[in-house]
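With our numbering applied, the sequence shown closes on residue 294, and no number is skipped along the way. For every residue, glycine included, the Cβ atom is placed at its ideal position computed from N, Cα and C.
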Amino acid sequence: MRAAVYRRFGGPDVVRVEEVPTPAPGRGEVLVRVHASTVSAADHRARSRDVPRGLRVLASAGIGTFRPSRRVLGMDVAGVVEAVGPGATRFGPGDEVVAMLGGRCGGHAEYAVVPEGGAITRTPRGMTSEEAVTLVFGGITARAFLRQVDLRAGSTVLVTGASGAVGTAVVQLAAHAGARVTAVCRGTHREITDLPGLLRAATRRRSRGKRLVAGPGPWRAEDLAFVVALAEQGRYRAVADRTYDLSEVAEAHRFVDAGRKKGNVVLRIAGGGAPQQDGRSARTGRATSREAAS
Numbered sequence: 001m002r003a004a005v006y007r008r009f010g011g012p013d014v015v016r017v018e019e020v021p022t023p024a025p026g027r028g029e030v031l032v033r034v035h036a037s038t039v040s041a042a043d044h045r046a047r048s049r050d051v052p053r054g055l056r057v058l059a060s061a062g063i064g065t066f067r068p069s070r071r072v073l074g075m076d077v078a079g080v081v082e083a084v085g086p087g088a089t090r091f092g093p094g095d096e097v098v099a100m101l102g103g104r105c106g107g108h109a110e111y112a113v114v115p116e117g118g119a120i121t122r123t124p125r126g127m128t129s130e131e132a133v134t135l136v137f138g139g140i141t142a143r144a145f146l147r148q149v150d151l152r153a154g155s156t157v158l159v160t161g162a163s164g165a166v167g168t169a170v171v172q173l174a175a176h177a178g179a180r181v182t183a184v185c186r187g188t189h190r191e192i193t194d195l196p197g198l199l200r201a202a203t204r205r206r207s208r209g210k211r212l213v214a215g216p217g218p219w220r221a222e223d224l225a226f227v228v229a230l231a232e233q234g235r236y237r238a239v240a241d242r243t244y245d246l247s248e249v250a251e252a253h254r255f256v257d258a259g260r261k262k263g264n265v266v267l268r269i270a271g272g273g274a275p276q277q278d279g280r281s282a283r284t285g286r287a288t289s290r291e292a293a294s
């Protein structure tokens, strides 16, 4: 299979498309033929080893110290189940799914193995894989953050970095819960975070006694299913900035490195699939055109 592989830390050009062995699903796992993934800020940090000083020791355990411990990046996938391992019963071949791989990565490849008991659910009805994958990284991370606080109607939530994949998700999910949301982002990103009715005037002030939530959280299937359900109901909109083909993966990394992305940067791996209509698989390939650089 083709995969975007990096064998040393560095800039975008360390990531190259290579032929690597196709993984096989083990017990309780499913093999997904990947149609789309995203290139996220987490991929940037893992590739460049650009992590905050206080997290470098912890990061070494996950991404490696001198060389990458995982050669294929990509924390999320959308695609079609190709095969299932022994004991896997929730999904079958042909099912269209979205999944969060988390720190195990591997989404920037034509196939990825996903634990059936992990953060995986069926693709939303009416969405292509390229659209559906934009729900995953930001949505499930935002949901994990918000579960750490006593969020209720009337709560006040300050979201920093509100124009990214996670930020745009937190803004929407907090507003859905009835919170008053204040978003902070760069001025050039104002248009993407000005989701109607969601944002208050931006401020960088923090009050004492307030809870600050940051860092990764556990990935849960129920959180992903929650975001998918909201999207199906038209109550949640994931934001996509640009779409790149797998062969352009280095360029996608370069764009993410620039810090200008709004929402998600999609990586098209294979045919994006026809929109899901009735919960069954739809094999016809369809891919959107890559947006022109602004």
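For Met-100 versus Met-127, is the C-beta spacing smaller than 8 angstroms? No, Cβ-Cβ distance for Met-100 and Met-127 is not below 8 angstroms.
Tell me the rounded alpha-carbon separation between Gly-117 and Gly-92. Rounded to whole angstroms, Gly-117 to Gly-92 spans 14 angstroms at the Cα level.
Compute the Euclidean distance between the alpha carbons of Arg-125 and Ser-155, then round it to the nearest angstrom. Their Cα atoms are separated by approximately 32 angstroms.
For the candidate residues Ser-129, Gly-87, Leu-158 and Arg-122, whose alpha-carbon lies nearest to that of Ala-328? Not covered by the structure: residue 328. The range shown for the chain is 1 to 294.
By alpha-carbon positions, which one of Pro-25, Val-166, His-44 and Thr-65 ends up nearest to Val-81? Of the candidates Pro-25, Val-166, His-44 and Thr-65, the one whose C-alpha sits nearest the C-alpha of Val-81 is Pro-25.
Selected residue, minimal CA-CA separation from Gly-138, among Arg-7, Ala-88 and Gly-161: Residue Gly-161 holds the alpha-carbon nearest to the alpha-carbon of Gly-138 among Arg-7, Ala-88 and Gly-161.
Measure the Cβ-Cβ separation of Ala-4 and Val-14 and say whether it is below 8 angstroms. Annotated as distal: Ala-4 and Val-14, with beta-carbon spacing of 8 angstroms or more.
Taking Gly-103 as the reference, which of Phe-66, Leu-158 and Arg-45 has the closest Cα? Ranking Phe-66, Leu-158 and Arg-45 by Cα distance to Gly-103 puts Arg-45 first.
Chain-order list of residues whose beta-carbon lies under 7 angstroms from that of Arg-143 (same chain, five-residue window excluded): The answer, listed in chain order, is Leu-173, Asp-223, Phe-226 and Val-227.
Would you please verify whether the beta carbon of Arg-67 is less than 8 angstroms from any beta carbon of chain C? In the structure shown, chain C cannot be found, because there is only a single protein chain.
By DSSP, does Ala-238 sit in helix, in strand, or in coil? Collapsing the DSSP output to three states places Ala-238 in coil.
Can Glu-110 and Met-1 be called in contact, C-beta distance under 8 angstroms? For Glu-110 and Met-1, yes; Cβs fall inside 8 angstroms.
Return yes when the Cβ of His-35 is within less than 8 angstroms of the Cβ of Leu-73, no when it is not. No, these two residues do not count as a Cβ contact at 8 angstroms.
Would you report the Cα separation of Thr-168 and Ala-238, rounded to the nearest angstrom? Their backbone Cα atoms lie some 8 angstroms apart in a straight line.
Going by beta carbon distance, what residues of the same chain come within less than 6 angstroms of Val-20, once the five residues before and after it are set aside? Ala-3.
Note down the Cα distance separating Thr-22 from Pro-218, rounded to an integer number of angstroms. Cα to Cα, Thr-22 sits roughly 27 angstroms from Pro-218.
Can you give me the Cβ contacts of Pro-12 inside the same chain, cut-off strictly under 7 angstroms, excluding the 5 residues immediately before and after it? Cβ-Cβ distances below 7 angstroms link Pro-12 to Ala-250, His-253, Arg-254 and Asp-257 in the same chain, with the five nearest sequence neighbours on each side left out; the list follows chain order.
By a C-beta neighbour count over all protein chains shown, 10 Å radius and 16 as the cutoff for buried, is Arg-8 buried or exposed? So Arg-8 counts as exposed.
Mind checking Gly-106: buried by the 16 CB within 10 Å criterion, or exposed? With 16 or more other Cβ atoms within 10 Å, it is buried.
Tell me where the alpha helix (DSSP H) around Thr-141 begins and ends. It spans 136-146 - the alpha helix (DSSP H) in which Thr-141 sits, taken as one unbroken run.
Alpha carbon of Val-266 to alpha carbon of Arg-242, nearest angstrom: Looking at the backbone, the Cα of Val-266 and that of Arg-242 are separated by about 6 angstroms.
Can you name, in chain order, every residue of its own chain whose Cβ lies under 8 angstroms from the Cβ of Ala-153, other than the five neighbours on each side? Same-chain partners within the cutoff: Ala-177, Gly-178 and Ala-179.
Along the chain, where does the beta strand (DSSP E) that runs through Ala-78 open and close? First-last of the beta strand (DSSP E) with Ala-78: 76-84.
Under 8 angstroms, do Ala-42 and Val-77 count as touching if we go by C-beta distance? Val-77 sits away from Ala-42, with the two beta carbons spaced by 8 angstroms or more.
In chain order, what residues of the same chain lie with their CB nearer than 8 angstroms to the CB of Thr-188, ignoring the 5 residues before and after it? Residue confidence for Thr-188 is low, a pLDDT of 49 falling below 50, so the modelled location carries little weight; the figure read from the coordinates is stated next. Around Thr-188, the same chain offers Arg-260 as residues with beta carbons nearer than 8 angstroms, after the five sequence neighbours per side are excluded.
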